[in-house]
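My numbering puts the first residue of the sequence shown at 240, with every later residue one more than the last. We put the beta carbon where it would ideally sit given N, CA and C, even for glycine.
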Amino acid sequence: PGPGTIRGNGWHIRWTTRDPKNPNHPLPLFEADAETGSMFYDEDDVPTITLAGVEAKLFRETEHIANLSAGKLEANREAHSILGSQGVRLVSLRPKQELVITADQMEWNTEENNLVAEGNAKLERLNKPQSPNGSVEAPRILLNTKTGEYELLSAKAQR
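Now the structure itself:
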């Protein structure tokens, strides 16, 4: 954090997006409460928000679709990115898609509707705990936040 950083305790962040059907009506996308936080503007005047001890809600249009908790979370609205780390847990609230994903870190691209869980990634289907696919682990898990479909992926390619 540089000299232009704002720091504080007890943060509440609400991130909205425009409703394409009604541009004057914002739709909730993400809402988070955190123990501590900071906001830093980069050289292009783009803010990045860093939160610690986070409990958040994820939305699809007006529907509260999931809860997320993380030790640390970084949000960059310009990049359409929310990155959770230090033990992340996502609990889907959608009927027929009841699942829990845990991982060392997760990144949600809000524009592409993709959430990638990496590092000790585990997916549990709550509505089918006894089935063979009730719980799976993979190096990476890709979840489409619009459809609820997921893929198990191998490790990320090294560059």
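Expressed to the nearest angstrom, what Euclidean distance is found between the alpha-carbon atoms of residue i and residue j?
{"i": "P259", "j": "N353", "result": "20 Å"}
{"i": "A295", "j": "E390", "result": "23 Å"}
{"i": "K361", "j": "S308", "result": "15 Å"}
{"i": "R257", "j": "G373", "result": "36 Å"}
{"i": "I252", "j": "E350", "result": "18 Å"}
{"i": "K385", "j": "T301", "result": "13 Å"}
{"i": "H303", "j": "G323", "result": "18 Å"}
{"i": "N263", "j": "N248", "result": "32 Å"}
{"i": "H319", "j": "N348", "result": "6 Å"}
{"i": "E313", "j": "T289", "result": "4 Å"}
{"i": "G387", "j": "N261", "result": "25 Å"}
{"i": "V327", "j": "P267", "result": "21 Å"}
{"i": "I380", "j": "D283", "result": "32 Å"}
Applying the 10 Å Cβ sphere with the 16-neighbour rule, what's the burial state of residue i?
{"i": "S393", "result": "exposed"}
{"i": "V285", "result": "exposed"}
{"i": "G243", "result": "exposed"}
{"i": "T287", "result": "buried"}
{"i": "Q344", "result": "buried"}
Just to confirm my understanding: we take residue i, look at its own chain, exclude 5 residues before and 5 after, and list those with CB closer than 7 Å. What are they?
{"i": "A305", "result": "L297, L329, V330, S331 and L332"}
{"i": "R299", "result": "T384 and K385"}
For residue i, collect the residues of the same chain with a Cβ closer than 6 Å to its Cβ; drop the 5 residues on either side in sequence, then sort them by chain order.
{"i": "G410", "result": "Outside the shown range of the chain (240 to 398) lies residue 410, about which nothing can therefore be said."}
{"i": "Y280", "result": "G243 and P286"}
{"i": "E363", "result": "V339 and S374"}
{"i": "V346", "result": "In the sequence as displayed, the identity of residue 346 is Glu instead of Val. L322 and V355, listed in sequence order."}
Would residue i and residue j be called neighbours here (beta carbons separated by less than 7 Å)?
{"i": "L365", "j": "E337", "result": "yes"}
{"i": "A377", "j": "E357", "result": "no"}
{"i": "W254", "j": "F269", "result": "yes"}
{"i": "R316", "j": "S277", "result": "no"}
Excluding the 5 residues flanking residue i on each side, which residues of the same chain have their C-beta closer than 8 Å to its C-beta?
{"i": "P265", "result": "T255, T256, R257 and D258"}
{"i": "N359", "result": "T341, A342, D343 and E376"}
{"i": "K311", "result": "T289, L290, A291, V293, G323, S324 and Q325"}
Runs of alpha helix (DSSP H) lying entirely within the region 276-357, each at least 4 residues, in chain order: none
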